[in-house]
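Trainee: Numbering (UniProt numbering), first residue to last: 1 to 779.
All C-beta atoms, glycine included, are put in the ideal place defined by N, C-alpha and C.
Owing to the predicted nature of the structure, the values given are computational and were not obtained by experimental measurement.
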């Protein structure tokens, strides 16, 4: 399972929960309704706290009653909320809200039903008084307009701290269903290579082949044929058929597939599909930079520019009480950690996620150098819109260096005492036992706000105090690996910088060996944990990078003794060994296979054979999936789209090793899914396709929350369907109502579905760049 960061409910600066945003319909919408006894899910709390969320309070469920406890009075009623999202109401219909409630100390609560997002239209607002007696309440109302984005909230933020409990909550009346006209013919909405494979998936109840035709922009028939029945696509629950129009090898500007009167979105047949996309995907990292002004000349639109965030950033160790009640003593040091990339939609900067992200970018540079040693890099100096694009260095390396500098800045100076938790591999403890160690050479896990911020919030307006968390073994090994990689790619162009990287890497390695069980914990309310207690893969990865860079026997012996030696993902239904931030062993093997080193020739060949074997497993999955993707999995985890992109790395390298075009075709299949050939008829990439990503969970690209904030920049990939973690308000309303690939919504409040992160855009950039580079080999 791709275990990602956990977040808590975030609030808009105006005080309401940030959950606005919607998918764009491909045509006009009508509405239907059906009366239901309870529009709420789990209104009896018989399923614990499922589908409910709390802001500014702890939510529990006992004896079929939901209770929130808050310990601090806020400035606004909405500072403390118990709520449920995902409701839809029909204009002029009768609705009734009923519930019973009590409070441990007498208090006042606002019960309201409102539109989820600006202008926060209120359908019902009632002030109620509570005490220790469980009292029933009943309210009726009629919505003035159709509203398919509604929340029920109980607000109490201005009251004295207490516990409020509700029971038997019902909202009865017609459920409004906004009809969205998804295309039944699902295609890559950007297009297909002229000489490449061209597949579409058709959602249809038909079990026999159906006629299709391909139209050009003048509505002339270019090709026609019969669909191929597939059956049930288990990942979406649909009956589907395939269209294979690969025989069409004529460039087209706006082609359309038509099946039984249903038409696809228009798409191109062209070999330049991914040329601009790869630069947009890389621009994401420039625009996520901390500590530097983002200027108009380097971004796609003027309103994407912003002042520098967190400049300068000089911080000390966390010295407050954490969310689990642990008192942290702080430390007698400060670090200047200005720079780096903001991790995702928030303003935290995390070493472990930064590590795999910067490695992925640099890995593409190394892949490019090995695949085309005499060809100009697509990212040579001057090719990328960044401030460093006239400094004589490869622009891709320049962007990676911005993050590498931050990672090295997070290293603890020599002879520095820092408090850390005593390691425990068996569980995540609430009450930690802290000890003081000489942490010189280790690396702080993250720097972040002391509490979650709301949106919209540009980074230069972040008001919160920021701290370093404690150092961890995982963060230390991430620096050891990426700084070792840095040392070799900069050796020729900047040997002094390369030496600095190598010194940091070897110090980190020694520190990690000395302190091999210091873990991150989920107890800091303003940042995600990125916790990991299984670190043998990080040790292998770091040792592999250090060995390739230095050739030292110490690292060679370590990797050869590791259970991960030359291992790659299995490609099974459990996604065993797949590459992601918490599972990095295969990154070590990829480096050993790509970059020249002094391993025995048969070992390097074994590493490459294992990569090819993994790629074959991924490739074989395509025929078993209704949407033809190299991804056979039981459930879709948090960031599932990035899993497809990380798999594309293995497929791309398998092509480099074998020159078999089937591996390129498999990456094309993965990209077709990302760009629209999926059951939601959705391009998960901003700025590309007829139905592109519009409303990611992001504090600056927050147009859905505030019309004055900019829309998302182009070239950013959403995390995608998540059928495992229903932990944000939007996703919680979908629990039990979606299947696999359909568990997604283009909503700014859906951080488990629709956040964007550096470690997701990095493999997306890798795959897009590979496809643009390999177009001449496609067949």
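Would you check whether the ligand HEM has a heavy atom nearer than 7 Å to the C-beta of residue 499?
Mentor: Ligands in the displayed structure: none, and consequently the ligand HEM is not present.
Trainee: Note down the Cα distance separating residue 675 from residue 58, rounded to an integer number of angstroms.
Mentor: To locate residue 675, count along the chain shown from 1; it is residue 675. To locate residue 58, count along the chain shown from 1; it is residue 58. Going from the Cα of residue 675 to the Cα of residue 58 covers about 39 Å.
Trainee: In angstroms, rounded to a whole number, what distance separates the CA positions of residue 697 and residue 116?
Mentor: As a working note, residue 697 is residue 697 in the chain shown. As a working note, residue 116 is residue 116 in the chain shown. Each residue's alpha carbon lies about 15 Å from the other.
Trainee: Does the beta-carbon distance from residue 188 to residue 677 come in below 8 Å?
Mentor: Start at 1 with the first residue of the chain shown, and residue 188 comes out as number 188. Start at 1 with the first residue of the chain shown, and residue 677 comes out as number 677. Cβ distance < 8 Å, so residue 188 and residue 677 count as in contact.
Trainee: May I ask which residues mark the beginning and end of the alpha helix (DSSP H) holding residue 231?
Mentor: The residue given as residue 231 occupies position 231 in the chain shown. Not the alpha helix (DSSP H): residue 231 falls in the beta strand (DSSP E), residues 228-233.
Trainee: Would you identify the three-state DSSP class for residue 84, choosing helix, strand or coil?
Mentor: Position 84 of the chain shown, counted from the first residue, corresponds to residue 84. Residue 84: strand per DSSP, three-state reduction.
Trainee: Helix, strand or coil: which one does DSSP assign to residue 115?
Mentor: The sequence position of residue 115 within the chain shown is 115, counting from 1. DSSP places residue 115 in strand when its eight states are reduced to three.
Trainee: From the DSSP secondary-structure annotation, give me the bridge partner or partners of residue 294.
Mentor: Here residue 294 corresponds to residue number 294 of the chain shown, with the count starting at 1. Looking at the DSSP assignment, residue 294 forms a beta bridge with 306.
Trainee: Under a Cβ-count criterion, where at least 16 other Cβ atoms within 10 Å of its own Cβ denotes burial, should residue 759 be classed as buried or exposed?
Mentor: Locating residue 759 in the chain shown gives position 759, where the first residue counts as 1. Buried is the call here.
Trainee: Would you mind reading off the limits of the alpha helix (DSSP H) that contains residue 548?
Mentor: Here residue 548 refers to the residue found at position 548 of the chain shown. Run containing residue 548: 536-550, per the alpha helix (DSSP H) assignment.
Trainee: Let me make sure I understand the geometry here. Which of 314, 65, 638 and 604 has the alpha-carbon closest to that of residue 49?
Mentor: In the chain shown, residue 49 corresponds to position 49, counting from 1. Residue 49 has its Cα closest to that of 65, out of 314, 65, 638 and 604.
Trainee: For residue 526, which of 449, 588 and 347 has the nearest alpha-carbon?
Mentor: Working through the chain shown from its first residue, we reach residue 526 at position 526. Among 449, 588 and 347, the Cα nearest to that of residue 526 belongs to 449.
Trainee: Taking the C-alpha atoms as reference points, what is the distance between residue 781 and residue 402?
Mentor: Residue coverage of the chain in this structure runs from 1 to 779, which leaves residue 781 outside it and unanswerable.
Trainee: To the nearest angstrom, how far is the alpha carbon of residue 637 from that of residue 133?
Mentor: Along the chain shown, read from residue 1 onward, the residue named residue 637 stands at position 637. Along the chain shown, read from residue 1 onward, the residue named residue 133 stands at position 133. Going by the C-alpha atoms only, they are around 43 Å apart.
Trainee: With DSSP as the reference, identify every bridge partner of residue 213, one or two as the case may be.
Mentor: For the purposes of this step, residue 213 is taken as residue 213 along the chain shown, with counting starting at 1. BP columns for residue 213 point to 224 and 258.
Trainee: To the nearest whole angstrom, what separates the beta carbons of residue 315 and residue 443, a pair I think is in contact under 8 Å?
Mentor: Translated into positions along the chain shown, residue 315 becomes position 315. Translated into positions along the chain shown, residue 443 becomes position 443. Contact flag wrong, Cβ pair sits at about 14 Å.
Trainee: By alpha-carbon positions, which one of 431, 409, 779 and 120 ends up nearest to residue 655?
Mentor: As a first step, residue 655 must be located in the chain shown, where it is residue number 655. Among 431, 409, 779 and 120, the Cα nearest to that of residue 655 is on 779.
Trainee: Span of the beta strand (DSSP E) holding residue 61?
Mentor: The residue labelled residue 61 in the question sits at position 61 within the chain shown. Run containing residue 61: 58-62, per the beta strand (DSSP E) assignment.
Trainee: Less than 8 Å between the C-beta atoms of residue 207 and residue 186, yes or no?
Mentor: On the chain shown, position 207 is the one that residue 207 refers to. On the chain shown, position 186 is the one that residue 186 refers to. Result no, Cβ atoms of residue 207 and residue 186 do not sit closer than 8 Å.
Trainee: Could you compute how far the alpha carbon of residue 437 sits from the alpha carbon of residue 73?
Mentor: Taking the first residue of the chain shown as position 1, residue 437 is located at position 437. Taking the first residue of the chain shown as position 1, residue 73 is located at position 73. So the alpha carbons of these two residues sit roughly 37 Å apart.
Trainee: Would you kindly work out how many angstroms separate the C-alpha atoms of residue 762 and residue 281, rounded to a whole number?
Mentor: Position 762 of the chain shown, counted from the start, is the residue given in the question as residue 762. Position 281 of the chain shown, counted from the start, is the residue given in the question as residue 281. Straight-line Cα distance between these residues: approximately 8 Å.
Trainee: Please state whether DSSP places residue 772 in a helix, a strand or coil.
Mentor: Taking the chain shown and counting its residues from 1, one reaches residue 772 at position 772. If DSSP states are grouped into helix, strand and coil, residue 772 belongs with the helices.
Trainee: With C-beta atoms as the reference, is residue 508 less than 8 Å away from residue 468?
Mentor: Position 508 of the chain shown, counting from 1, holds the residue named residue 508. Position 468 of the chain shown, counting from 1, holds the residue named residue 468. No.
Trainee: I believe residue 143 touches residue 123 by the beta-carbon criterion, under 8 Å. Please report the beta-carbon distance rounded to the nearest angstrom.
Mentor: Counting from one through the chain shown, the residue named residue 143 turns up at place 143. Counting from one through the chain shown, the residue named residue 123 turns up at place 123. The pair is a contact, with the Cβ atoms about 5 Å apart (cut-off 8 Å).
Trainee: How far does the beta strand (DSSP E) with residue 49 in it extend, from its first residue to its last?
Mentor: Along the chain shown, read from residue 1 onward, the residue named residue 49 stands at position 49. No beta strand (DSSP E) contains residue 49, which DSSP labels as neither H nor E.
Trainee: Out of 430, 564, 714 and 256, which has the shortest C-alpha to C-alpha gap to residue 324?
Mentor: Reading the chain shown from its first residue, position 324 is the one you call residue 324. Closest by alpha carbon: 430.
Trainee: Give the range of the beta strand (DSSP E) segment to which residue 173 is assigned.
Mentor: Counting from 1 along the chain shown, the entry for residue 173 is found at position 173. Unbroken beta strand (DSSP E) run through residue 173: 163-178.
Trainee: Run through DSSP, which three-state label would residue 460 get?
Mentor: By 1-based counting over the chain shown, the position of residue 460 is 460. In the structure shown, residue 460 sits in a helix (DSSP, three-state: H, G or I).
Trainee: DSSP state of residue 692, grouped into three classes?
Mentor: Mapped onto the chain shown, residue 692 falls at position 692. Note: residue 692 maps to coil in three-state DSSP.
Trainee: Could you say which of 351, 635 and 46 lies nearest to residue 409 if we only look at CA atoms?
Mentor: Taking the chain shown and counting its residues from 1, the one referred to as residue 409 is at position 409. With distances taken between Cα atoms, residue 409 lies closest to 351.
Trainee: For the segment 578-605, which segments carrying the alpha helix (DSSP H) assignment without a break, of at least 4 residues, lie completely within its bounds, in sequence order?
Mentor: List check, alpha helix (DSSP H) in window: 585-594.
Trainee: Starting from the N-terminal side, write out each stretch of the beta strand (DSSP E) that is 3 residues or longer and does not extend beyond the segment 620-678.
Mentor: Fully enclosed beta strand (DSSP E) runs of 3 or longer: not present.
Trainee: Using only the alpha-carbon positions, how far apart do residue 243 and residue 647 sit?
Mentor: To locate residue 243, count along the chain shown from 1; it is residue 243. To locate residue 647, count along the chain shown from 1; it is residue 647. Cα to Cα, residue 243 sits roughly 24 Å from residue 647.
Trainee: Any idea what DSSP makes of residue 275, helix, strand or coil?
Mentor: Reading the chain shown from its first residue, position 275 is the one you call residue 275. Of the three classes helix, strand and coil, the one that applies to residue 275 here is helix, per DSSP.
Trainee: State the DSSP-derived secondary structure class of residue 45, mapped to helix, strand or coil.
Mentor: As a position in the chain shown, residue 45 is number 45, starting the count at 1. It is coil, neither helix nor strand.
Trainee: Apart from the five residues just before and just after residue 12, which ones in its own chain have a Cβ nearer than 8 Å to its Cβ?
Mentor: Residue numbering aside, residue 12 sits at position 12 when the chain shown is read from its first letter. Because the pLDDT at residue 12 is just 30, under 50, the model does not fix this residue reliably, and the value given afterwards should be weighed accordingly. Excluding sequence neighbours, residue 12 sits near 18, 454, 455, 456, 705 and 706.
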